[in-house]
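K.L.:
Starting off with a structure, shown below.
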Amino acid sequence: MSERRAGNYLPSPDQELLLRASLLSGPAAAEAWSELRPRFDTDDSDAGSQRLFPLLYRNLRRQGIDDPSGPKLKRIYLHTLSRNHLLFHHAGPLLDQLALAGIPTLLLKGAALVHTYYDGDLGLRPMGDLDLAVPAPRATEAAEVLRRAGWAA
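Going by the working numbering, the first residue of the sequence shown is number 1, and it counts up by one from there.
This is how it looks when you write it as structure tokens:
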């Protein structure tokens, strides 16, 4: 499943099947998984596909599909969940400090999407960081608040 087409940013046929198996329900999800399964290898997948594994895990469970890859997909989901809990745990005090200083913040990307499109399930969206925005005129002040709180650029 590691095929990659240089210069082409459209999903490959296997990536399309992975998306269908991860996001659709009923027979459409089961058919996509059945077609992809013979070539599916969690260890030999591109990074973009790997980011879908937590969604795949949840959807296979929702669809009642028992598969030998289930335990590995569950470990990936739990790892994502654990990492994201830590990320949000450490971000909380940072956001509190900015709020105490009266600096408005806006969560971006995964941090914002997890609560809107992932049903609040922190295990479904792999994140390596937490992105936030502050008003441009207050950026220097925000950086100083964070520096005083022990954060470094």
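The beta carbon of each residue, even a glycine, is placed where N, CA and C say it ideally should be. Everything numeric in this text was worked out from a predicted model, so none of it was measured.
For Ala133, report the span of its beta strand (DSSP E) as first-last.
P.N.:
Here the question's residue 133 lines up with position 133 in the sequence shown. Looking at the DSSP string, the run of the beta strand (DSSP E) that includes Ala133 is 131–133.
K.L.:
Helix, strand or coil for Leu179? Go by DSSP, reduced to three states.
P.N.:
This structure cannot speak to residue 179, because the chain is shown only from 1 to 153.
K.L.:
Check this for me: beta carbons of Leu95 and Thr105, under 8 Å apart or not?
P.N.:
Residue mapping note: residue 95 aligns to position 95 of the sequence shown, counting from 1. Residue mapping note: residue 105 aligns to position 105 of the sequence shown, counting from 1. Cβ distance < 8 Å, so Leu95 and Thr105 count as in contact.
K.L.:
Measuring alpha carbon to alpha carbon, tell me which residue in Glu16, Leu73, Asp41 is nearest Gln61.
P.N.:
Position 61 of the sequence shown holds residue 61. Sequence check: residue 61 is Arg here, not Gln. Among Glu16, Leu73, Asp41, the Cα nearest to that of Arg61 is on Leu73.
K.L.:
If you run the structure through DSSP and keep just helix, strand and coil, what is Leu106?
P.N.:
Sequence index remark: in the sequence shown, residue 106 carries index 106 (1-based). Three-state DSSP puts Leu106 in a strand.
K.L.:
In the structure shown, what three-state DSSP assignment does Ile76 receive?
P.N.:
For this step, residue 76 is matched to residue 76 along the sequence shown. Residue state, collapsed to three classes: helix.
K.L.:
Are the beta-carbon atoms of Pro68 and Pro126 separated by less than 8 Å?
P.N.:
Counting from 1 along the sequence shown, the entry for residue 68 is found at position 68. Counting from 1 along the sequence shown, the entry for residue 126 is found at position 126. Not closer than 8 Å, so no.
K.L.:
State the start and end residues of the unbroken alpha helix (DSSP H) segment that holds Ser49.
P.N.:
For the purposes of this step, residue 49 is identified with residue 49 of the sequence shown, where counting begins at 1. First-last of the alpha helix (DSSP H) with Ser49: 47–50.
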